[in-house]
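The structure under discussion appears below in the form of structure tokens.
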């Protein structure tokens, strides 16, 4: 069970803070910006997408959006907004955890940890017909 944290390079400090928080709770975490592509996701994995104004200008934005949409389609996505920047069409309607206030990010990180821990018991998706 792995938690993949997809983020823009400029959001690395927030991603590392979340990584540390989740690792203290016994979860295996990998950071990914899309620079080297993205690893395949298993049914028990969770993808955490950190969205901010910096994601909009990331050179790997399209890969990031593709990763996010695929995780959403497989019910493995946890979307986190680090600020009030608009997400692109297709992502802006997804439910997101608000982590725009740095002082309250531990509350948001706890919600991510609960979701990721629940993924351990998530049933595998049914095979396509």
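Residue numbers (the working numbering): 1 to 129.
Glycine included, every Cβ here is placed at the ideal spot set by N, Cα and C.
Going by the beta-carbon positions, is the gap between residue i and residue j smaller than 7 Å?
| i | j | result |
| --- | --- | --- |
| residue 63 | residue 90 | no |
| residue 2 | residue 30 | yes |
| residue 21 | residue 109 | yes |
| residue 67 | residue 86 | no |
| residue 54 | residue 81 | no |
Have a look at the options and flag the residue whose alpha-carbon is nearest the alpha-carbon of residue i.
| i | options | result |
| --- | --- | --- |
| residue 50 | 117, 43 and 105 | 105 |
| residue 79 | 19, 112 and 27 | 112 |
| residue 71 | 40, 15, 18 and 16 | 40 |
| residue 48 | 36, 18 and 24 | 18 |
| residue 11 | 32, 25 and 24 | 32 |
| residue 36 | 13, 9 and 24 | 9 |
| residue 45 | 6, 88 and 102 | 6 |
| residue 42 | 69, 25 and 74 | 74 |
Use the C-beta contact count for residue i: other C-beta atoms within 10 angstroms, 16 or more gives buried, fewer gives exposed.
| i | result |
| --- | --- |
| residue 58 | buried |
| residue 93 | exposed |
| residue 84 | exposed |
| residue 27 | buried |
| residue 76 | buried |
| residue 52 | buried |
| residue 131 | In the structure displayed, the chain extends from 1 to 129; residue 131 sits before or after that span and is not available. |
| residue 14 | buried |
| residue 116 | buried |
| residue 65 | buried |
Tell me, please, which residues DSSP counts as bridged to residue i.
| i | result |
| --- | --- |
| residue 81 | 51 and 98 |
| residue 6 | 32 and 49 |
| residue 37 | 35 |
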